[in-house]
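> 12 is the number of the first residue of the sequence shown in the working numbering; add one for each residue after it.
We treat Cβ as the ideally placed atom computed from N, Cα and C, and that holds for glycine.
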Amino acid sequence: MPPSPTAVRRTVEDYLYRHPGERDALAGLLAALDRPVDTTARTTLPGHVTCSAVVIDRQGRVLRTPLRATGGLISAPGGRIEPEDRTLLAAALREVSEQAGIAPGALCLTRQLLGSPIDIGVHDVDANPATGEPAHRHHDVRYVFYLAGEEPPAIALQDVGASGAQWLPQPEVTSPTLRAKLLQARLDGRPEPVNASALIHDGAGRYLLHLRDHKPGVIWESGAFALLGGGRTHGDRSLEGTLLRELSEEVPDLHLEDLTPYAVEDATSIDGLSVPVRVFAGRWRGNPDHLTLHEGVLLRWFAPDDLDRLRLSPATRALIHRHAAANPPGDGRAVAPPVWDGGERVVLNGVGVHLHIEDAEGRVLLGLRHPDVKYAGDTWHYLAGRCEQESALACLVREAWEEAGLVIDAADVELAHVVHVVDAPGSLPLMQLVFRARRWEGTPEVREPDKCLTWKWWPTHELPDRLVSYTRTAISSIAEGRAYAQMGW
12 MPPSPTAVRR TVEDYLYRHP GERDALAGLL AALDRPVDTT ARTTLPGHVT
62 CSAVVIDRQG RVLRTPLRAT GGLISAPGGR IEPEDRTLLA AALREVSEQA
112 GIAPGALCLT RQLLGSPIDI GVHDVDANPA TGEPAHRHHD VRYVFYLAGE
162 EPPAIALQDV GASGAQWLPQ PEVTSPTLRA KLLQARLDGR PEPVNASALI
212 HDGAGRYLLH LRDHKPGVIW ESGAFALLGG GRTHGDRSLE GTLLRELSEE
262 VPDLHLEDLT PYAVEDATSI DGLSVPVRVF AGRWRGNPDH LTLHEGVLLR
312 WFAPDDLDRL RLSPATRALI HRHAAANPPG DGRAVAPPVW DGGERVVLNG
362 VGVHLHIEDA EGRVLLGLRH PDVKYAGDTW HYLAGRCEQE SALACLVREA
412 WEEAGLVIDA ADVELAHVVH VVDAPGSLPL MQLVFRARRW EGTPEVREPD
462 KCLTWKWWPT HELPDRLVSY TRTAISSIAE GRAYAQMGW
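This is the structure we're talking about:
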């Protein structure tokens with residue numbers, strides 16, 4: 012069935028939230044939505060909703076196709092909504108498939124717009140005596156898609172020769188409102204992940220999978236086991252932020268450690284779109300039965316050998332097997348052995364030290380860890396180290412010199428923050444001490460290239476996406492004047 016009036020109104024109101032100056036221009040559409048009529052039906056007069064698709068290739072060019080009615084060229088193939096269109100976006104995809112022969116799987120969403128329309132155009136349509144259709148108005152909801160592949164697909168135009176299709180630079184788009192919004196959005200045509208998922212493992216060869224509700228046409232990978240995660244929203248500052256938000260909504264008491272980018276996988280949405288997914292790997296060792304699950308049916312641990320028994324996408328199955336092959340059981344952080352003192356069990360905690368320094372512009376120093384290091388490879392992190400048989404300050408002074416060639420006097424150092432981290436019950440708890448140095452000598456240099464690739468000063472409000480989770484927590488806590496945080500307990 013076509014989109015409901017409520018869904019159409021929600022789309023229009025979300026659009027007007029971003030473009031409040033167009034409310035008067037869309038007054039006719041808003042008035043129609045207040046009436047008990049189907050604004051998507053072609054019989055609804057004096058106007059109804061149509062949908063169009065703006066397709067952008069890898070060079071940032073817009074597909075222009077002939078208009079069936081007049082033979083003129085348009086930059087957004089589209090048309091009326093049909094009863095089988097589940098959403099306005101689905102109607103736009105159907106239209107570009109019918110008019111240009113571009114299948115949904117050859118397209119993907121943009122990070123800038125996601126699933127929101129870039130423009131809602133209003134134009135008058137002349138009466139058609141041949142069909143008896145009176146003059147009326149179209150409220151055209153326009154969506155933007157990138158080509159998912161490197162090469163443009165073959166264009167198979169409806170009712171006209173393929174030679175009529177053109178790829179033109181965005182400044183040459185004829186619609187003034189669409190052209191302005193395309194240029195403002197800076198759409199370069201290069202796809203990037205707009206979804207994030209968590210590959211959760213326990214370090215002992217098991218992987219946590221989520222059984223989704225069986226609601227075909229409503230839920231992605233309906234009724235199948237899948238990774239936890241979801242799609243980016245306009246409010247997410249990064250894909251790691253997307254994943255953390257999704258986890259807090261789906262399983263609020265699940266807290267992961269060692270959350271690092273692992274891979275980018277291609278998936279297919281309910282509408283058939285290509286969806287690049289950023290997969291983060293994270294460790295957890297708890298009992299899923301003790302978690303509160305707000306979405307889906309259940310969470311369970313599975314070994315890679317069990318996956319063939321499950322309804323699971325081939326891509327997810329291959330991803331888990333690939334991770335398992337590269338991370339054999341036991342190849343992870345140590346589990347704390349039992350220690351006894353006077354007949355009582357004592358749980359040991361590891362101690363890590365971290366250097367927080369800021370330059371004259373208030374930027375914090377971070378290092379990009381080598382991709383081959385055991386912990387947080389290809390991820391930004393504090394200058395840090397694990398305490399040996401030494402004091403925490405002695406360890407900090409030693410690590411600063413060994414890793415970056417910085418000379419620090421212990422008298423110029425103060426404890427700024429403590430993050431108490433644990434992966435899960437049974438794993439080694441870590442007391443991560445973050446020290447702020449007010450003064451130091453030297454310029455950061457890479458002295459251990461097998462561990463760190465580069466040092467860089469980062470504004471605290473523009474931290475990198477690939478940042479160790481507890482480092483991000485420490486930086487924000489220091490800015491807010493908080494002395495302690497805990498993660499994973």
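What are the complete alpha helix (DSSP H) segments, minimum 4 residues, inside the region 383-428?
Runs found: 403-415.
> Output the boundary residues of the beta strand (DSSP E) element that contains proline 16.
Premise fails: proline 16 lies in the alpha helix (DSSP H), 16-29, not in any beta strand (DSSP E).
> For the alpha helix (DSSP H) containing leucine 100, list its first residue and its last residue.
99-111 is the span of the alpha helix (DSSP H), which, as asked, contains leucine 100.
> Tell me where the alpha helix (DSSP H) around threonine 253 begins and ends.
Per DSSP, threonine 253 belongs to the alpha helix (DSSP H) from 250-261.
> When you compare only the Cα positions, how much space is there between aspartate 182 and glycine 200?
Residue 182 is actually proline in this sequence, not aspartate. C-alpha separation (whole angstroms): 14 Å.
> Under a Cβ-count criterion, where at least 16 other Cβ atoms within 10 Å of its own Cβ denotes burial, should valine 286 be classed as buried or exposed?
Answer is buried; the Cβ neighbour count reaches 16.
> Would you call valine 275 buried or exposed, if buried means 16 or more other Cβ atoms sit within 10 Å of its Cβ?
The residue is exposed, with fewer than 16 neighbouring Cβ atoms inside 10 Å.
> Could you give the first and the last residue of the continuous beta strand (DSSP E) run that contains serine 63?
Note, serine 63: beta strand (DSSP E), 58-67.
> Starting from aspartate 367, trace the beta strand (DSSP E) in both directions and tell me its first and last residue.
First, the residue type needs correcting, since residue 367 is histidine and not aspartate in the sequence shown. 361-367 is the extent of the beta strand (DSSP E) around histidine 367.
> Using CA atoms only, rank isn't needed, just tell me which of Gln443, Arg53 and Val19 is closest to proline 128.
Nearest of Gln443, Arg53 and Val19 to proline 128, Cα basis: Val19.
> If cysteine 463 and leucine 284 are in contact, beta carbons under 8 Å, what's the gap, nearest whole angstrom?
Rounded, the Cβ-Cβ distance is 39 Å, inconsistent with contact.
> Among Thr279, Glu268, Thr244 and Asp264, which has the Cα closest to the Cα of serine 233?
Answer by Cα proximity: Thr279.
> If you draw a straight line from the C-alpha of histidine 392 to the C-alpha of arginine 53, how long is it?
For histidine 392 and arginine 53, the distance between alpha carbons rounds to 57 Å.
> For leucine 270 and serine 15, which I take to be in contact (beta-carbon distance under 8 Å), what is that distance rounded to the nearest angstrom?
The pair is not a contact, with the Cβ atoms about 38 Å apart (cut-off 8 Å).
> Taking buried to mean at least 16 other C-beta atoms within 10 Å of its own C-beta, is leucine 323 buried or exposed?
Burial call: buried.
> Measure the C-alpha to C-alpha separation of valine 155 and aspartate 68 and round it to an integer number of angstroms.
Cα to Cα, the separation comes out at about 11 Å.
> By the three-class DSSP mapping on this structure, what secondary structure does proline 13 have?
Proline 13: coil per DSSP, three-state reduction.
> So, do the region 365-378 and the region 245-263 have three or more beta carbon pairs nearer to each other than 8 Å?
The region 365-378, when compared against the region 245-263, does not touch it at the 8 Å Cβ threshold.
> Between the region 381-398 and the region 479-496, are three or more C-beta pairs nearer than 8 Å?
Counting Cβ pairs under 8 Å, three or more are found: they touch.
> Considering Cα atoms alone, identify which of Glu109, Ile113 and His30 is closest to valine 66.
Residue Ile113 is the option with its Cα nearest to valine 66.
> Thinking C-beta only, is leucine 239 closer than 8 Å to glutamate 261?
Contact: yes.
> Taking the alpha carbon of isoleucine 131 as the reference point, which residue from Glu109, Thr142 and Leu37 has its own alpha carbon closest?
Residue Leu37 is the option with its Cα nearest to isoleucine 131.
> When the distance is taken between beta carbons, is histidine 221 closer than 8 Å to glycine 307?
Going by C-beta atoms, glycine 307 is nearer than 8 Å to histidine 221.
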